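Visitor: Residue numbering for the sequence shown is 1 to 234, as defined by UniProt numbering.
We treat Cβ as the ideally placed atom computed from N, Cα and C, and that holds for glycine.
Here the structure is a predicted model, which is why all the values come from computation and not from measurement.
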Amino acid sequence: MAITRLALLMTVTLVLLPGAEGQHSDFRQQRRAAFRMQLGRLRDMHKQLNAKVNALEGKLQTINNNLISTISVAEGRLQTKENNLQSAVNALQGSVQAMSSKIALLDQIVYFMATFAAPSLTVGGGTVVFNKVLMNTGSAYNPTTGVFTAPRRGLYVFLVQTFTNGKGNPNWDLYVNGQMVLRSESMSVSSTSNEYVYPLTLQTGDKVSVYSRNPLSSWGTIHSFFGGWLIRAF
């Protein structure tokens, strides 16, 4: 911009130079030629400077583009690492949650033992209701219905004992969801006990009960009982 102003000033100076037309003609021509030459040089310098400025601007633009590209690549890599880290954190949280669930299953205790409230009684055919609860950790046994309901999927063990009061056939079977899974057959001419222990894999909500195929006179409290416990939850 300064060079352009100088060239304009020199042009104006050439126009305004005083002097007589005839007397100083040669001198004016020489001065004008010198000014024109100087002006040409200045214009050439101006063009060269413009070219250098344009070249510098091009280099700066290239550097800027390269810098933007480098930053973009770095941001992409950083985002990828962040995503991978988040995935790892999510996987770790899932593993911790799964482990916590397994620990909760292992820590769960299910155990019950029930007998008859009466010292002796006649048990009719059908589901045997052991109406006196000795222990019911987990509240899975119902002393009103005589049915144990599995609170968790897992491996359970059940035990049943009958103690006849005199002659009788203590044929007490084990049922799951209304289907017999263990049949018990016994004949007695006097008071005798009959017991069995049986493991079962149950699903959540499965119902286990003792079923008598015939009426039976039985000793009650602590003589006859129904019990079970959870060995391992799945």
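What does the Cβ neighbour count give for ASN194, buried or exposed, with the cut at 16 atoms within 10 Å?
Guide: Per the 10 Å Cβ criterion, buried.
Visitor: Would you mind sorting residue 235 into buried or exposed? The rule is 16 or more other CB atoms within 10 Å of its CB.
Guide: One cannot answer for residue 235 here, as it falls past the ends of the chain, which runs 1 to 234.
Visitor: Is there contact between the region 181-191 and the region 77-92, where contact requires at least three CB pairs shorter than 8 Å?
Guide: The region 181-191 is not in contact with the region 77-92.
Visitor: Helix, strand or coil for GLN203? Go by DSSP, reduced to three states.
Guide: Coil.
Visitor: Buried or exposed: where does SER100 fall if 16 or more other Cβ atoms within 10 Å of its Cβ makes it buried?
Guide: The residue in question, SER100, is exposed, as its Cβ has fewer than 16 Cβ neighbours within 10 Å.
Visitor: Rounded C-beta distance between LEU230 and VAL110? I'm assuming under 8 Å.
Guide: Going by Cβ atoms, the distance from LEU230 to VAL110 rounds to 4 Å, so yes, they are a contact pair.
Visitor: How is ASN177 classed by DSSP in three states: helix, strand or coil?
Guide: Reduced to three states, the DSSP call for ASN177 is coil.
Visitor: Using only alpha-carbon positions, find the residue among TRP172, LEU78, ALA233, GLY228 that is nearest to LEU216.
Guide: Ranking the options by Cα distance to LEU216, first place goes to TRP172.
Visitor: For the beta strand (DSSP E) holding ALA233, just list the boundary residues, first then last.
Guide: Residues 225-233.
Visitor: Can you tell me whether DSSP reads ALA140 as helix, strand or coil?
Guide: Coil at ALA140, not helix or strand.
Visitor: Do you know how far the Cα of ASN165 is from the Cα of SER218?
Guide: Whole-angstrom Cα-Cα distance: 5 Å.
Visitor: Beta-carbon within less than 8 Å of THR221's beta-carbon, same chain only, minus the 5 sequence neighbours each way: which residues are those?
Guide: Once the five neighbours on either side are set aside, the close Cβ partners of THR221 are THR115, PHE116, ALA117, ALA118, PRO119, LYS132.
Visitor: Does the distance from the CB of ALA140 to the CB of PHE158 come in under 8 Å?
Guide: No, these two residues do not count as a Cβ contact at 8 Å.
Visitor: Tell me whether ASN136 counts as near the ligand PLP, meaning its Cβ is closer than 7 Å to at least one heavy atom of that ligand.
Guide: What this structure holds is no ligand at all, so the ligand PLP is not there to describe.
Visitor: Taking just the CA atoms, how far does GLY124 sit from LYS167?
Guide: Cα-Cα distance, rounded: 15 Å.
Visitor: Where GLN48 and THR62 are concerned, what is the direct C-alpha to C-alpha distance, given to the nearest angstrom?
Guide: Near 21 Å, if we compare the C-alpha coordinates of THR62 and GLN48.
Visitor: Pull up the CB-CB distance for ARG232 and GLY154, whole angstroms please, since I reckon it's below 8 Å.
Guide: At roughly 5 Å, the Cβ-Cβ gap stays under 8 Å, so ARG232 and GLY154 are in contact.
Visitor: Whole-angstrom Cβ separation of TYR175 and TYR211, contact assumed at under 8 Å?
Guide: Their Cβ separation, rounded to whole angstroms, is 5 Å, which keeps TYR175 and TYR211 in contact under 8 Å.
Visitor: Is the beta carbon of PHE226 closer than 8 Å to that of GLU181?
Guide: Per the sequence shown, the amino acid found at residue 181 is Val instead of Glu. Not closer than 8 Å, so no.
Visitor: Ordered along the chain, which non-local residues of its own chain (more than five positions away) have a Cβ less than 8 Å from that of VAL128?
Guide: Closer than 8 Å at the Cβ level, and outside the excluded window around VAL128, lie GLY146, TRP172, SER209, VAL210, TYR211, SER212, PHE226.
Visitor: Run through the DSSP bridge pairs and tell me what LEU121 is partnered with.
Guide: Paired residues: SER218.
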